[in-house]
Amino acid sequence: PTAVLGIKRELGKICKNAVGKTELDQTKQYLVGTYELDLQKCISRANQYALNELYGLGVAEVRAYPAKIMKVTAEDVLQVAQKYIDLDRHVLSIVGP
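Be aware that the sequence shown starts at 107, since it is given in this note's numbering, and climbs by one per residue.
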């Protein structure tokens with residue numbers, strides 16, 4: 107119950123307030139960095155190319171993705187959170203031993 111309340115509290119925050127510049131910049135750097143590291147593996151590159159083709163994005167999306175991530179703004183995050191996160195309508199699933 108404590109963890110669930112904490113998650114709801116954090117989701118509520120992200121729906122009401124724009125994320126801070128430092129937090130957003132660190133997150134974007136992390137996403138791009140882990141993406142680039144993962145692409146060093148042939149299987150990951152093949153997977154990305156296949157998924158991009160499947161979703162109609164094309165193979166060029168592999169190179170375009172990092173730049174798109176770096177363009178995300180705090181306002182973008184807020185708008186998406188407000189569109190997709192509704193704490194009054196959610197499904198809670200707790201997995202335990």
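Idealized CB from N, CA, C, for every residue including glycine.
Note that this is a predicted model, so its numbers are computed, not measured.
Reduced DSSP secondary structure (H/G/I, E/B, other) of residue i
i: residue 123; result: coil
i: residue 161; result: coil
i: residue 179; result: coil
i: residue 194; result: coil
i: residue 112; result: helix
i: residue 200; result: coil
i: residue 107; result: coil
i: residue 132; result: helix
Closest Cα partner of residue i within the set the options
i: residue 181; options: 203, 122, 146; result: 122
i: residue 173; options: 138, 152, 190; result: 138
i: residue 132; options: 147, 179, 107, 117; result: 179
i: residue 145; options: 169, 126, 184; result: 169
i: residue 191; options: 176, 110, 143, 117; result: 117
i: residue 99; options: 124, 203, 109; result: What is shown of the chain runs 107 to 203, which leaves residue 99 out entirely.
When the Cβ atoms of the region 153-171 are set against those of the region 186-197, are three or more pairs found closer than 8 Å? Verdict: no, contact absent.
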